[in-house]
Each structure stands twice: as structure tokens, then as C-alpha cells.
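Visitor: Below are the C-alpha cells for one structure; questions will follow.
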Amino acid sequence: MDKVLLIATGGTIAMRKDEKGKVVPAVSGHELLESLPELTKQAEWDVCDFSNVASCNMSPDRMRDLAKIIEQRFAQDSSLRGIVITHGTDTLEETAYFLDIAIKDPRPVILTASQRDASEADSDGPRNLGNAVRIALDPRAIGRGVVIALNEEIHAARDVRKLHTNHVDAFNSGEKGALGTIDTGEVIWHRKPEQTIKLGVPEKLAKVGICKVYTGMTGSALRAIAQDASEALVIEAFGRGNLPPQLVPEISEMIKRGIPVVITSRCLFGRTSPVYGYPGGGADLERVGAWFSADLSTEKVRLFISIALGQRLEFKTLKEMLANGAIKLD
Ligand code: ASP
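Residue 681 is where the sequence shown starts when you use my numbering, and the numbers rise one by one after that.
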């Protein structure tokens, strides 16, 4: 039988309501699998209980530990067909992207989750887990990068975002669209994802901060937020990549101190670009040395830089990679 590894990290898929009716961690990876006997018949299972936490507890260090386990298991076991990871939905897209750029093995890695906890009669967990296994066993999933599987859809780690707090149809890849779907148990692929840059599993991670800009923000507020970002700062700007003009001198100072500043957008979809020449516009930011990161989300840009700078990638190379949204050029 084909072998699949289940790595359980926690999330609502592994939670139940407590005596007060509040949703809390309750189900281990082994229990999750045992609750779905039909899954145990489909593959030979190996289970790793990595953690049982809500995904607000995930950090780049934990993501790196997870990546190390995946790398080791793939290296040790050529009969392993794929890896399914259960995770909370809140930060699912971050862990998925971290793994996507860290893991070089082409075998499928699928993250799945649920919006409704395991004590709900119509929880989406069992169906999502079943679909993730189908993808893991599908030879056409090889080479498509790390994906997430929820609500009968398959999404590329790079493009997907959680867009709804509680609907089961919570994840969306915007104008890129889903990679595929699961139709009555059949895996249907619509497209291949763009090839993302694979950085490998890092030993060190750089300290990279995020600052979300708001109207009327002051330079001192930006300075306070940037204090913890000792190696790089990702600034989530407006629209195409524009900021209140009073922030530009502060950004210029940071860049002069050797701290890269990367501009992303609070718009969910579309690319940043230094097209505006007015004070605070993208061209003004480019003039003082800020970088742009195409359509990659703020959180994903932060993870990419964190790994890349941890591996001492040259600034020039990193800037070029980000300008293309960390997609591999032919
Ligand atoms: N708050 C939960 C978590 O991210 C949400 C979920 O799993 O759906 O762990």
C-alpha cells in the first residue's frame, strides 16, 4: 500500500467544545485518523504528532522545525508518497508558504484544516482531510509545490489567502484561481502553479518586522514599530505602494543604516509598482532605496526575507527576486 505521513499541528480540525462551549485543542493526530476508518484503508499511515496548538502559536521557528521533519522523512523514505499536515486556518497560508519555499522534494505536501470543530455534526474536517489524502496519492500532484486543500478546492501556497473568518469557503487565490478541485472523490487539476523560488530549509532566520501603514501615521510611530525589525522591515502600504509622505524620511534613514525596506500593499490583489511621482508615492520610495515585491502578500514577503537573509543571500539578488514576487524566472 502507498505510504502517507500525517503531521498534526493542531487547529480547529483537532478541537472540540469544552464544558463552557468554547473551542479548545482536544484531538491528536492518531485520534484524527482513527476517527476516519475509511482513510486508514486507503494508505499505509505514519503519524507524527508535531503539536496540538491553535495556529496563532505558529512562528517561523516552528515552521522551520516542521520543514526539517518533512525534509528528513522524504530523505529517509523513498516509499513515502506524500505528506498531509493538519493546521489551524488562521495562519495556514504562512506555514504553507514557508514550507513551499523551504522544501525542495517534489513530492506532494498538502496542508488541510477546518473552520468547524470536531464536535460539530457537520464539521468540514473529515471531508477536507479525506481530500488531502486523495491529493497526496495522486501522481499528478508531484511538482506542484506545497498546496492547501479545503472546501473541495486546491490552492497554491504562494497565492492563497484566508478571506473569511468563519465560512467553510474561506480560502481564495484571487485572480490566479484555484489549482484544482475535488469532484466526488476525483482530483481535477485546472492548472500548474508558477514555480516558486526554493530557498531550502534554513538554519537561521533573520528578524524581519511588518508595519501596516494607516492614514495620518507619524514617523515616530513607524520608528517604534521598526525597533524590533533589526534586519529588514516590510511595510504594507496603500494601493500601488504609496505612503503618507511624512514617513519617507524615516524610511530613508533605515535604509541608510543598512536595513532593507520592502513595500507591499494592503490591497489583496494586484502588484505594487513605483508609478506615482508625488511625495510619498512609490517613485519617492524607490528614490530613497525601498524595494517592491510585486503581488506577494505582506506576511509571505516577511517569511521569504527571513529565510533569505538568514542564509546570507546578497541584497541585490534578494531585491531582484522580490521584484518578481519570488517566482522563478525561466
Ligand atoms: N483559530 C483556529 C486556528 O487557526 C482556526 C482554525 O483552525 O480554523 O487554529
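Where a beta carbon is used, it is the ideal one built from N, C-alpha and C, also for glycine.
(1) Return the residue from the list GLU774, HIS847, THR952, PRO873 that minimises the CA-CA distance to LEU859.
(2) Say yes only if the C-beta of SER758 is nearer than 7 angstroms to one or more non-hydrogen atoms of ligand 1, and no if none qualify.
(3) Over the uninterrupted beta strand (DSSP E) stretch that includes LYS999, give me the two end residues.
(4) Which full runs of the beta strand (DSSP E) of 3+ residues lie inside the stretch 734-812, going along the chain?
(5) Check whether the Cβ of SER977 sits closer than 7 angstroms to any heavy atom of ligand 1, and report yes or no.
(6) Nearest to THR944 by alpha carbon, out of HIS767, PRO929, GLU966, ASP1010?
(7) So, using beta-carbon positions, are GLN991 and LEU913 closer together than 8 angstroms?
(8) For ALA988, which of helix, strand or coil comes out of DSSP?
(9) Give the straight-line distance between the Cα atoms of THR845 and MET743, rounded to the nearest whole angstrom.
(10) Roughly how many whole angstroms lie between the Cα atoms of ALA816 and LEU983?
(11) With a 10 Å radius around its C-beta and 16 neighbouring C-beta atoms as the bar for buried, classify GLY921 as buried or exposed.
(12) Going by beta carbon distance, what residues of the same chain come within less than 7 angstroms of MET934, once the five residues before and after it are set aside?
(13) Helix, strand or coil for THR861? Go by DSSP, reduced to three states.
(14) Taking 7 angstroms as the cut-off, is the C-beta of THR769 nearer than that to any heavy atom in ligand 1?
Guide: In short:
(1) Counted from its first residue, the sequence shown places residue 859 at position 179. Comparing Cα-Cα distances from LEU859 to each of GLU774, HIS847, THR952, PRO873, the minimum goes to PRO873.
(2) Taking the sequence shown and counting its residues from 1, one reaches residue 758 at position 78. No, Cβ of SER758 sits at least 7 angstroms from all heavy atoms of ligand 1.
(3) Position 319 of the sequence shown, counted from the start, is the residue given in the question as residue 999. No beta strand (DSSP E) holds LYS999; the alpha helix (DSSP H) holding it covers 995-1003.
(4) 760-766, 789-792
(5) Position 297 of the sequence shown, counted from the start, is the residue given in the question as residue 977. Because no heavy atom of ligand 1 lies under 7 angstroms away, the Cβ of SER977 does not count as near it: no.
(6) Mapped onto the sequence shown, residue 944 falls at position 264. That would be GLU966, whose Cα lies nearest to the Cα of THR944.
(7) Along the sequence shown, one-based indexing puts residue 991 at 311. Along the sequence shown, one-based indexing puts residue 913 at 233. Taking 8 angstroms as the Cβ cut-off, GLN991 and LEU913 do not qualify as a contacting pair.
(8) Your numbering for residue 988 matches position 308 in the sequence shown. DSSP places ALA988 in helix when its eight states are reduced to three.
(9) As a working mapping, residue 845 is identified with position 165 in the sequence shown. As a working mapping, residue 743 is identified with position 63 in the sequence shown. Using only the alpha carbons, I get a separation of about 23 angstroms.
(10) If you number the sequence shown from 1, residue 816 lands on position 136. If you number the sequence shown from 1, residue 983 lands on position 303. C-alpha separation (whole angstroms): 25 angstroms.
(11) Counting from one through the sequence shown, the residue named residue 921 turns up at place 241. Buried, because 16 or more other Cβ atoms sit within 10 Å of the Cβ of GLY921.
(12) In the sequence shown, counting from the first residue as 1, residue 934 sits at position 254. For MET934, where only same-chain residues beyond five positions count, the Cβ hits under 7 angstroms are ALA906, LEU913, VAL941.
(13) The sequence position of residue 861 within the sequence shown is 181, counting from 1. Of the three classes helix, strand and coil, the one that applies to THR861 here is strand, per DSSP.
(14) Numbered from its first residue, the sequence shown carries residue 769 at position 89. Yes, since a heavy atom of ligand 1 falls inside the 7 angstroms radius drawn around the Cβ of THR769.
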